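Below is one structure, written out as structure tokens, with a few remarks after it.
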Amino acid sequence: MKSLKLVSIFSFLAVFFSCSDDDDVEIINEEEVITTLRVTFIKENTNEISTFLYQDLAGDGSVDPMISADNLEANTTYIGSVEFLNELEDPAENITLEVVEEGEEHQVFFINSTSLNTNFSYLDTDANNNPIGVEFSLTTGDASTGNLSVLLIHDGDKFADGVAQGDISNTGGETDIEANFNVVIE
Amino acid sequence: MKYILLVSLFWATIFNSFSQECTLSLSGKITDTHDDSPLAFAIIMLKETGQYAEADKDGNYQISKLCPGKYTLEITHISCENVTQEIQLPHSKKIDFKLEHHLDELNEVLLTGRLYQDANTYNISKELTQDEIDRFSNLSFGEAVAELNGVSSLKTGASINKPIIQGMHSARVLLINNNVQMEDQQWGVDHAPNIDINSAANIQVIKGASALRYGGDAVGGIIVSTPQKAPLKDTLFGNSILNLNTNGRGGGLTTSLLKSYSNGWYIKTQASAKRRGDLQAPNYNLSNTGVNENNFSIGFGLNKIETGFNAYYSLFSTEIGILRASHIGNVRDLVNSINSSTPSFVDDFSYQINSPKQKVNHHLLKLDYFKKIQNLGKLEVQYAFQFNKRLEFDVRRGDRRDKAALDLQLSTHQLQTQLKIDRLENFDIRLGIETTYQDHFANPETGVRRLIPDYEMFGAGGFITSTYTLNEKVVFDAGIRYDFTYIDALKFYRTSRWEERDYQTDFPNLIIEDFGTQLLTNPKFDYHNFSASLGVHYQLNNAAKWTTNLSIATRNPNPSELFSDGLHHSIASIELGDLRLQQEQSYKLNTSFSQKKDRLSFEVSPYLNLVDNYIVLEPNGIETTIRGAFPVFEYRQTQALFLGVDVNAKYQISDTSEITAQFAYVHAEDITLNRPIIDIPPFNTRLKYKHTIESWNNLSVSLTHDFVAKQNRFPDLDFTTPVLDPSLGELVPTEVKISESPADYQLFHIGAEMPFQMKNMDLRVGVTVQNLFDTSYRNYLNRQRFYADEIGRNIQLQIQFNY
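Sequence lines, in order, name chains A and B. Note that our numbering numbers the first sequence so that position 8 is 878, with each residue one more than the last. Note that our numbering numbers the second sequence so that position 578 is 619, with each residue one more than the last.
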């Protein structure tokens, strides 16, 4: 009898604890993901704008991203800026602000294939006087084509040899963004 | 004692014979409460008159020449508790008495440790005793168990260790903590068991699914961790162990106390704390590998022979830093890590635990009740509640920096009833039914899509196991079990992923709401599983025994295998579950032969495990995200064969020195694809020499040599993908070598310890040096082998007090 009583108490406890309140499940729109990289080039002393865009709204690799790059003019200087957006949020969240705020931990690298005649220089600095790379200038050479990779590295060593000059080899860290563009300079 | 009593009773009787003439008599039988066996030579005495009688070999007694009246009876038996009872004697009476005959037996088993494995005697198993557990006090549960032959550890860095039994791990290994099956999100390879090694008094590893009362899905094996049992006597004891380590510059302290009473009541408590900073490999600091762990348990109860109950609560709470360099962005980072000899991120030593890190709390509450049922056996009812909260912190930006990227809460209720029937001669039967309700909740506040969805799970099962003792030499055991599981999940899929998986064809009815880019689905699965076990135990003679067991186990795909979809930063991969997965079915033949001959004793345990629908996770293709390219790991089912042998031997060189040797080998083959299975422990050996110098206050010294071979049998899962070469500025097809196993290695460890007897306590001081020569090596079973070496030399000081 006593054991029966105990069994019933246990079962009661089990039922009591089981009453869960999470029957409704909330949708999560990924907060942190960067869906979009936009590089804007303004031709020096003009209002002419060229844009590179890498957009991956799925964000998980299940669909191929949209990649586009306007052609650039030969032997021209551009003032460039990089924007990181999360377009899953409405309105789109501008992640560039966070990157700049934590500038000591972030750096944008521009890596072009040797065939492409470009020359990048950083126009911004973090608190340690190292470049961040959200603002930069680009000078093109003669007409050429090739790959341009734009990378955002998090927690790399920004004091390592050559890193402040834009050499990625010694930085380490982890890659937050790696976008490759086919660029035509004409 | 007995004789003094007899002598005095003798004289008392002489004197009493002069008293008045009386004609009544008192007779009856004195038996053991537990099994009704007669208690020969029990003494029954009337306190008022001093008259007494001694029970004969059948437990019968008789006292005659009694006067009518009221008497106080005292019944005594060596090793039993005295029973005092008042009776009225108006006429001659027949009264039977039952004594609790187990007091000494309990004490004895407590001394020998046999108390902890009585029910699992006929399984092929290995165990850690209290002495060994004390010495491993500073290790994690997984590391300590891996000290046993045939058990290895699947590691994520140095701090996260999952036991591998004869080649199998995670959901294929059941963990039983204090008779409760652990429900602590064991699906993840980086989810270590949430058990404090110091809470156990005995840990048994059963190499197979033969112990069906614990579950039917132990394709790999079962680990049974049992806390200290209270003796049935008035006592108070406890111990404290202090550990100090040079590597990690930390240590731990654990203390336990137990108070018990001869009337069966007891209360016990145990607490431990562990603190450690970054560990060091021989050549660099392993940044962000600190640990901060706090555990506590308390239990009380009443343990009579006839009935009793136990209440137990334990909290396991840990914060573990994950090697910073192992958190990487994409396949280019992975290639850089594989090709580089040093981690991509090395900082100075620190006690700070930063992201990435894990923070896990596991609560266990258990209530049980048992009652002996006369002429039948013992009924046990147990309720257990577990709550597991797992937080994983990723490297995040901005104000999300301190917000967990993963916040999973798993609540489990288990109710089980077992009936042990021990009345039949030579035949023990155990019947049981159990029900489980589980609720999993993934907190949406993380702002990261759920890796494991919200789900509810209901399970019910029943089993019958029995052992049949044919004769002194041969014991058979057999069991069958049935389990029903129903799982009801609410899972969001990206619409693109749902289509890419082609789920709309196979599961068109699962979608309950369309959010545009995401679909809410409601997968409901039920599983009916049968498992069975048959074994024979043959005691050839005093020195040799042979045990063989055949078991069939069935395991459901777990939530991770079914549902996971997302990015794993630790190996830079996208992991995709599969709704189409079926149950795994294992057929395991296990045999073990052991013999002692003069100074040599050995045990050989070969096994064969054939698994249908074996679930493996393997890379299959590449997907590109804005972070770059990632290998995609998908689950696949195949037929797998595991063949292996565990051998250990001991040679007693002299009374004071001994040498032990052990080796383990497992050969695992994917039969369908005709290639080796991934992550199988390589051949390994251990040789240990121990010498005790009695004249130096029993100083004992030991030297241990570990050899781990290179695993030559691994599937070639390397893949080629375009990777940016910064010097060329181009994407160059690059082979990503994720398959190759690290080179073989050998390690030496030395240890010395000395016991001290003090007035009210025993003290033991031990010093060990692990990895004596500070050898740099990498371990095939460590998922972080691409990023950093294993830890270097560690000197540990251990001080234990028993009081």
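Where a beta carbon is used, it is the ideal one built from N, C-alpha and C, also for glycine. Nothing here was measured: the structure is a model prediction, and the numbers come from that model.
Inset, instruction - Grab me the residues of B/THR761's own chain with a C-beta within less than 8 Å of its C-beta, minus the 5 sequence neighbours each way, in chain order. - result: In the second sequence, the residue the question calls residue 761 of chain B occupies position 720. Take B/THR761, set aside five residues on each side of it, and the residues of its chain with a beta-carbon closer than 8 Å to its own are PRO774, THR775, GLU776 and VAL777, in chain order.
Legend entry - Cutoff 7 Å; reference A/GLU914; Cβ partners in own chain excluding five residues on either side: On the first sequence, position 44 is the one that residue 914 of chain A refers to. Once the five neighbours on either side are set aside, the close Cβ partners of A/GLU914 are THR947, TYR948 and ILE949.
Inset, instruction - Report all residues from its chain with a CB closer than 6 Å to the CB of B/LEU728; omit the five preceding and five following residues, and keep chain order. - result: Counting from 1 along the second sequence, the entry for residue 728 of chain B is found at position 687. Around B/LEU728: ALA702 and HIS746.
Inset, instruction - To the nearest angstrom, report how far apart A/ILE919 and A/LEU958 are at their CA atoms. - result: Taking the first residue of the first sequence as 1, we reach residue 919 of chain A at position 49. Taking the first residue of the first sequence as 1, we reach residue 958 of chain A at position 88. About 25 Å.
Inset, instruction - Going by CA-CA distance only, name the one from B/PHE548, B/GLU554 and B/ASN190 that's closest to B/PRO564. - result: Locating residue 564 of chain B in the second sequence gives position 523, counting from the first residue. For the residues B/PHE548, B/GLU554 and B/ASN190, the minimum Cα distance to B/PRO564 belongs to B/PHE548.
Inset, instruction - Specify whether the stretch 65-81 of chain B and the stretch 448-456 of chain B touch according to this definition: at least 3 beta carbon pairs, one from each stretch, less than 8 Å apart. - result: No contact exists between the stretch 65-81 of chain B and the stretch 448-456 of chain B.
Legend entry - B/GLU149 burial status per 10 Å Cβ neighbour count (16 or more: buried): In the second sequence, counting from the first residue as 1, residue 149 of chain B sits at position 108. Below a pLDDT of 50, predicted positions are generally treated as unreliable, and B/GLU149, at 38, falls in that range; the measurement from the model is reported next regardless. B/GLU149 comes out exposed.
Inset, instruction - For the beta strand (DSSP E) holding B/GLN680, just list the boundary residues, first then last. - result: Numbered from its first residue, the second sequence carries residue 680 of chain B at position 639. Looking at the DSSP string, the run of the beta strand (DSSP E) that includes B/GLN680 is 669-693.
Legend entry - Cα-Cα separation between B/GLY340 and B/ASN351, rounded to whole angstroms: Taking the first residue of the second sequence as position 1, residue 340 of chain B is located at position 299. Taking the first residue of the second sequence as position 1, residue 351 of chain B is located at position 310. Distance from the CA atom of B/GLY340 to the CA atom of B/ASN351, rounded to whole angstroms, is 7 Å.
Legend entry - Terminal residues of the alpha helix (DSSP H) in which B/TYR544 lies: Within the second sequence, numbered from 1, the residue matching residue 544 of chain B stands at position 503. 544-547 is the span of the alpha helix (DSSP H), which, as asked, contains B/TYR544.
Legend entry - Top-ranked residue by Cα proximity to B/TYR523, from B/GLY488, B/GLU475 and B/VAL372: Counted from its first residue, the second sequence places residue 523 of chain B at position 482. B/TYR523 has its Cα closest to that of B/GLU475, out of B/GLY488, B/GLU475 and B/VAL372.
Inset, instruction - Using a threshold of 8 Å, state whether the C-beta atoms of B/ASP435 and B/SER385 are closer than that. - result: Here residue 435 of chain B is taken as the residue at index 394 of the second sequence, counted from 1. Here residue 385 of chain B is taken as the residue at index 344 of the second sequence, counted from 1. Taking 8 Å as the Cβ cut-off, B/ASP435 and B/SER385 do not qualify as a contacting pair.
Legend entry - For B/GLY100 and B/LYS135, believed in contact at Cβ under 8 Å, the rounded distance: For the purposes of this step, residue 135 of chain B is taken as the residue at position 94 of the second sequence. For the purposes of this step, residue 100 of chain B is taken as the residue at position 59 of the second sequence. The pair is not a contact, with the Cβ atoms about 13 Å apart (cut-off 8 Å).
Inset, instruction - Evaluate B/THR665 with the Cβ neighbour count: other Cβ atoms within 10 Å of its Cβ, from every protein chain shown; 16 or more gives buried, anything less gives exposed. - result: Taking the second sequence and counting its residues from 1, one reaches residue 665 of chain B at position 624. Result: buried.
Inset, instruction - Could you work out which residues of chain B lie near A/VAL1020, taking near to mean beta carbons separated by less than 7 Å? - result: Residue mapping note: residue 1020 of chain A aligns to position 150 of the first sequence, counting from 1. Those within 7 Å of A/VAL1020 in chain B number zero; the least Cβ separation is about 10 Å.
Legend entry - Closest Cα partner of A/VAL1054 within the set A/ASN999, A/LEU1022, A/LEU1018 and A/ASN1040: What you label residue 1054 of chain A is simply residue 184 of the first sequence in a count that begins at 1. Measuring from the Cα of A/VAL1054, the nearest candidate turns out to be A/LEU1018.
Legend entry - Backbone CA spacing between B/GLU356 and B/GLU540 [nearest angstrom]: Taking the second sequence and counting its residues from 1, one reaches residue 356 of chain B at position 315. Taking the second sequence and counting its residues from 1, one reaches residue 540 of chain B at position 499. Reading off the sequence shown, one finds Leu at residue 356 of chain B, where the question assumed Glu. Spanning the two alpha carbons is a distance of roughly 43 Å.
Legend entry - Own chain, CB closer than 6 Å to B/GLU831, minus 5 neighbours either side, in chain order: Locating residue 831 of chain B in the second sequence gives position 790, counting from the first residue. Around B/GLU831: TYR818 and ASN820.
Legend entry - Where A/ASN989 falls: helix, strand or coil (DSSP): Here residue 989 of chain A refers to the residue found at position 119 of the first sequence. It is a strand residue.
Legend entry - B/GLN321 in three-state terms, based on DSSP: Taking the second sequence and counting its residues from 1, the one referred to as residue 321 of chain B is at position 280. It is a strand residue.
Inset, instruction - Determine which residues of the stretch 361-389 of chain B have a Cβ less than 7 Å from any Cβ of chain A, and write them out in chain order. - result: So the list reads HIS368, ILE369, GLY370, ASN371, ARG373, ASP374, SER385 and PHE386, given in the order they occur along the chain.
Legend entry - Distance between B/TYR828 and B/LEU327 (C-alpha atoms, nearest Å): To locate residue 327 of chain B, count along the second sequence from 1; it is residue 286. To locate residue 828 of chain B, count along the second sequence from 1; it is residue 787. Using only the alpha carbons, I get a separation of about 10 Å.
Inset, instruction - Write down the C-beta distance between A/THR966 and A/PHE954 rounded to the nearest angstrom, noting that I regard them as a contact closer than 8 Å. - result: The sequence position of residue 966 of chain A within the first sequence is 96, counting from 1. The sequence position of residue 954 of chain A within the first sequence is 84, counting from 1. Their Cβ separation, rounded to whole angstroms, is 5 Å, which keeps A/THR966 and A/PHE954 in contact under 8 Å.
Inset, instruction - Grab the span of the beta strand (DSSP E) containing B/ILE734 for me, first residue to last. - result: As a position in the second sequence, residue 734 of chain B is number 693, starting the count at 1. That run of the beta strand (DSSP E) goes 725-734.
Legend entry - Whether B/PRO722 touches B/LYS751 by CB criterion (8 Å): Residue mapping note: residue 722 of chain B aligns to position 681 of the second sequence, counting from 1. Residue mapping note: residue 751 of chain B aligns to position 710 of the second sequence, counting from 1. Cβ atoms of B/PRO722 and B/LYS751: not closer than 8 Å.
Legend entry - Member of A/ASP894, A/ASP1025, A/PHE1029 and A/ILE904 whose CA lies at the smallest distance from the CA of A/ILE998: Here the question's residue 998 of chain A lines up with position 128 in the first sequence. Reading off the sequence, residue 998 of chain A comes out as Asn, not Ile. When each option's Cα is compared against that of A/ASN998, the closest is A/PHE1029.
Inset, instruction - Just grab the DSSP bridge partners of B/ARG471 for me. - result: In the second sequence, counting from the first residue as 1, residue 471 of chain B sits at position 430. Answer by DSSP bridge pairing, in chain order: B/LYS461 and B/THR506.
Inset, instruction - Pick helix, strand or coil for B/ALA705, following the three-state DSSP scheme. - result: Start at 1 with the first residue of the second sequence, and residue 705 of chain B comes out as number 664. In the structure shown, B/ALA705 sits in a strand (DSSP, three-state: E or B).
Legend entry - Interface partners of B/ARG441 on chain A, CB under 8 Å: Position 400 of the second sequence holds residue 441 of chain B. Correct list: GLU901 and GLU902.
Legend entry - Residues near B/PHE177 in its chain [Cβ-Cβ closer than 8 Å; skip 5 each side]: For the purposes of this step, residue 177 of chain B is identified with residue 136 of the second sequence, where counting begins at 1. Within the same chain, LEU169, GLU184, ALA185, GLU188 and ILE238 come within 8 Å of B/PHE177 by CB-CB distance, once the 5 residues on both sides are set aside.
Legend entry - Short CB-CB distance (under 8 Å) between B/GLY460 and chain A: Counting from one through the second sequence, the residue named residue 460 of chain B turns up at place 419. Sequence inspection shows Leu at residue 460 of chain B; the Gly mentioned does not correspond to that position. So, not an interface residue.
Inset, instruction - Determine, using beta carbons only, whether B/PHE533 comes closer than 8 Å to chain A. - result: Position 492 of the second sequence holds residue 533 of chain B. True, the Cβ-Cβ gap to chain A drops below 8 Å.
Legend entry - Selected residue, minimal CA-CA separation from A/ASP994, among A/LEU986, A/LEU1021 and A/GLU1005: Your numbering for residue 994 of chain A matches position 124 in the first sequence. Cα-wise, what sits closest to A/ASP994 is A/GLU1005.
Legend entry - Three or more C-beta pairs below 8 Å linking the stretch 208-226 of chain B and the stretch 243-257 of chain B: Contact holds: three or more Cβ-Cβ distances are below 8 Å.
Inset, instruction - Throw me the rounded Cβ distance for the B/ASN654 and B/THR589 pair, which I believe falls under 8 Å. - result: In the second sequence, counting from the first residue as 1, residue 654 of chain B sits at position 613. In the second sequence, counting from the first residue as 1, residue 589 of chain B sits at position 548. Not really, about 25 Å apart at Cβ, beyond 8 Å.
Legend entry - Of the residues A/PHE922, A/ASN982 and A/THR1009, the one placed nearest A/THR1015, counting alpha carbons only: Taking the first residue of the first sequence as position 1, residue 1015 of chain A is located at position 145. The candidate whose alpha carbon is nearest that of A/THR1015 is A/ASN982.
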